[in-house]
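Contents: one structure, followed by commentary.
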Ligand code: NAD
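Residue numbers (my numbering): 96 to 551.
Structural data, given as structure tokens:
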């Protein structure tokens, strides 16, 4: 079946209203959960074949999030899909006002390779919960993970509701030339721009989950041991190939030495040699990225690490010090296990430097000083973040997840995901028995006086 025929069939199915009853939506979510449970073993094998991601990391950072989203949607759908009552303004009394959530229609979800399951399946859960049909195009770079999603989902869902289409740039461009009711994209900024442009031709609403350079501030009053522990975990998880990982550290000069030492200790504890426990090391996705990352390492700036194994595409967690904002590593998102540390003498200067960059997807602050934390939050715009932790904010489905400016637009997770794939129709309901004459012609000065009295 061509993508055009698949979409035409999905549109016809959507217009037949079959995706709208909550019972139908919950059934789709249960189908997904059962399919994942029954095939979990193959999902682990596929992602390991792609970039040697361990079973633990795959469960903790991918499948567990998908399961929680499914459970939450099943539990809350009744509440989310209900009409929302609103108060009514004087001019419309004794009317009633409410908002009706409705599915947008046929959605296209384009996934990224770095969390191939989570980034494809969490939006899929939201789209199905909201009553849409979906064409899912996972990333071709994680080809085994894409293949297992296609194999399993295309078997358990009818193609009128969910169809996984595999492919790269050419296939995605073909999909983008078609008219969807919603496009949800996760990936890089340059491709995000292309998606936005293609969507504009059909006035299709888009959600863009992009990347950027996420800073982590470490202030002089932070608990350095705990700070280092939490930064190292969030940074070297998935070999640094995480959109919300710390891209670089901005540390108060007074605690720089201490922090560097603790970062090193923590790497030794959490990520000891990749020769002895390779299962804890995620590979760099391909040779192009492996070479790109090695080129970013300036030898004289290595504080710790710096070694690599080309055959296995592994790079040792690496800390770089004496880094400045003009260095090459500070020009683009790193997306790998390299951690530059930049020190500052006063926090204003550090904030000014971050202001010069594009708005990041995440920002972290380690400190107990409420004034300084408030200052950073007040002066800098970013997608979301954490105080005294990294990455974990995205596991709380009560917090809408997304970027701002070049790090993206729109958000999802939990109810925010349901909203992203819904339109909210505003309705005013009037009774027949009452109608003040004020708004009707013929108009007069007396009427304007009354109107002014009501409005002003
Ligand atoms: P990418 O932009 O290269 O690819 C993403 C998707 O777009 C893939 O499915 C790919 O097939 C498709 N694609 C690639 N080139 C295309 C083109 N010219 N036209 C149409 N489609 C095209 O991104 P990636 O390398 O898979 O992911 C890494 C990037 O994604 C990083 O920048 C990272 O920060 C970002 N990211 C963001 C989030 C988030 O939630 N905000 C999550 C993960 C990754």
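Glycine is no exception: its CB is placed at the ideal position from the N, C-alpha and C atoms. This structure is a prediction, so every number in the text was calculated from the model and none was measured.
{"query": "Residue 246: beta carbon under 6 Å from a heavy atom of the ligand NAD?", "result": "no"}
{"query": "Are three or more beta carbon pairs between the region 271–281 and the region 198–215 nearer than 8 Å?", "result": "yes"}
{"query": "Is the region 376–384 touching the region 154–161, taking contact as three or more C-beta pairs under 8 Å?", "result": "no"}
{"query": "So, does the region 490–502 touch the region 439–456, judging by three or more C-beta pairs under 8 Å?", "result": "yes"}
{"query": "Could you name the residues of the same chain whose beta carbon sits closer than 6 Å to that of residue 273, not counting the 5 residues immediately before and after it, in chain order?", "result": "102"}
{"query": "Can you check which of these residues, 208, 188 and 181, is closest to residue 195 by C-alpha distance?", "result": "181"}
{"query": "Shorter than 6 Å, the distance from the beta carbon of residue 306 to the closest heavy atom of the ligand NAD, or not?", "result": "yes"}
{"query": "Say the cut is 6 Å; is the CB of residue 333 nearer than that to a heavy atom of the ligand NAD?", "result": "no"}
{"query": "Could you check whether the Cβ of residue 289 sits closer than 6 Å to any heavy atom belonging to the ligand NAD?", "result": "yes"}
{"query": "Using the three-state DSSP reduction, which class does residue 199 fall into: helix, strand or coil?", "result": "coil"}
{"query": "Just how far apart, CA to CA, sit residue 261 and residue 210?", "result": "16 Å"}
{"query": "Using the three-state DSSP reduction, which class does residue 507 fall into: helix, strand or coil?", "result": "strand"}
{"query": "How many angstroms separate the CA atom of residue 348 from the CA atom of residue 416?", "result": "12 Å"}
{"query": "Kindly list the residues whose CB is nearer than 6 Å to the CB of residue 459, restricted to its own chain and excluding five residues on each side of it in sequence; keep chain order.", "result": "311, 480, 481 and 485"}
{"query": "How close, in whole Å, do the beta carbons of residue 167 and residue 492 come, if the pair is a contact with beta carbons under 8 Å?", "result": "6 Å"}
{"query": "Mind checking whether the beta-carbon of residue 512 lies closer than 6 Å to any heavy atom of the ligand NAD?", "result": "no"}
{"query": "Can you determine whether any heavy atom of the ligand NAD sits closer than 6 Å to the C-beta of residue 142, and answer yes or no?", "result": "no"}
{"query": "Mark residue 244 as exposed unless 16 or more other C-beta atoms lie within 10 angstroms of its C-beta, in which case mark it buried.", "result": "buried"}
{"query": "What are the partner residues of residue 398, as DSSP defines its beta bridges?", "result": "Paired residue(s): none; residue 398 is not in a bridge."}
{"query": "Would you mind reading off the limits of the alpha helix (DSSP H) that contains residue 267?", "result": "264–271"}
{"query": "Exposed or buried, what is residue 82 when buried is set at 16 or more other beta-carbons lying within 10 Å of its beta-carbon?", "result": "Outside the shown range of the chain, which is 96 to 551, sits residue 82, and nothing can be said about it."}
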